[in-house]
Ligand SMILES: NC(=O)c1ccc[n+]([C@@H]2O[C@H](COP(=O)([O-])OP(=O)(O)OC[C@H]3O[C@@H](n4cnc5c(N)ncnc54)[C@H](OP(=O)(O)O)[C@@H]3O)[C@@H](O)[C@H]2O)c1
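Residue numbers (my numbering): 1042 to 1263.
Set out below in structure tokens:
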């Protein structure tokens, strides 16, 4: 499958790109607003994998080109830019493509991090409002710390809660998530349930900030 990571030059994009390239045969397309930045990051990820004996071609493109080439498009940009980013790539999306939202909107004050959802209710719903008709949105990966993914020495054990209104799209994303070794994907219900998933992320960051040795926490339900 072809997976595009819009803003795949950033932290969560790097982590997902490395893990999919390391663990699977999927085509990983790193996207950026600047095609040359995407190409250089894709090369850097590929070099990192080669050094570990894993040969996997990663490709870097402008976000639009990456989206045009992919069937699954992860919107891995900061929450406030998700809407503009999806609008920019919308003409490149085909009916049946799937948009994935890993995004969480948070605010920080002296007490720590707080969930700060947008007016639409959740970032996933903001993305859905910007998505073209026939392109479902799935929420996933919000509770995975980028560092836990990009440190390939880290043996990952994590649950990923997947939400969405289109069962087929949700199934595709659950399967892609589980293609990463150590991830179990759980059905969190419809897209309207995404808020409870997004709201876990500030808790994880507050736990990491306030407790020794708890950086890059992941979630497991048992
Ligand atoms: N970091 C984590 O641990 C983590 C974990 C789970 C979920 N998330 C979510 O994943 C998303 C990305 O997080 P991140 O930490 O990877 O972010 P980031 O590293 O700060 O940014 C990711 C990419 O977004 C692009 N970008 C920056 N400003 C932009 C703008 N004005 N318009 C369009 N694109 C812009 C940049 O790519 P180009 O300059 O190459 O275009 C950048 O490399 C967020 O919504 C976050 O909530 C993050």
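Even for Gly, the Cβ is constructed at its ideal location relative to N, Cα and C.
Computed from a prediction, not measured in an experiment: that's the story for all the values here.
DSSP places residue 1224 in the strand class (E or B) of the three-state scheme. Excluding residues up to 5 positions away in sequence, 1146, 1147, 1148 lie with their Cβ nearer than 8 Å to the Cβ of residue 1157 in the same chain. Counting only the Cα atoms, residue 1206 lies some 8 Å from residue 1230. Rounded to whole angstroms, residue 1086 and residue 1224 show a C-alpha spacing of 21 Å. Counting along the chain, residue 1067 sits inside no alpha helix (DSSP H), nor does DSSP assign it H or E at all.
Checking the 8 Å criterion, the Cβ of residue 1073 is within range of a heavy atom belonging to ligand 1.
Rounded to whole angstroms, the Cβ separation of residue 1203 and residue 1178 is 11 Å, and the two are not in contact under 8 Å.
If you draw a straight line from the Cα of residue 1077 to the Cα of residue 1103, it comes to about 8 Å. Annotation: the continuous beta strand (DSSP E) that includes residue 1149 extends over 1147 to 1150. Short note on residue 1236: C-beta not closer than 8 Å to any heavy atom of ligand 1. In this structure, residue 1109 keeps its C-beta atom at 9 Å or more from the C-beta atom of residue 1127. According to the DSSP assignment, residue 1244 belongs to the alpha helix (DSSP H) that extends over 1241 to 1251.
Rounded to the nearest whole angstrom, the CA to CA distance from residue 1183 to residue 1238 is 7 Å.
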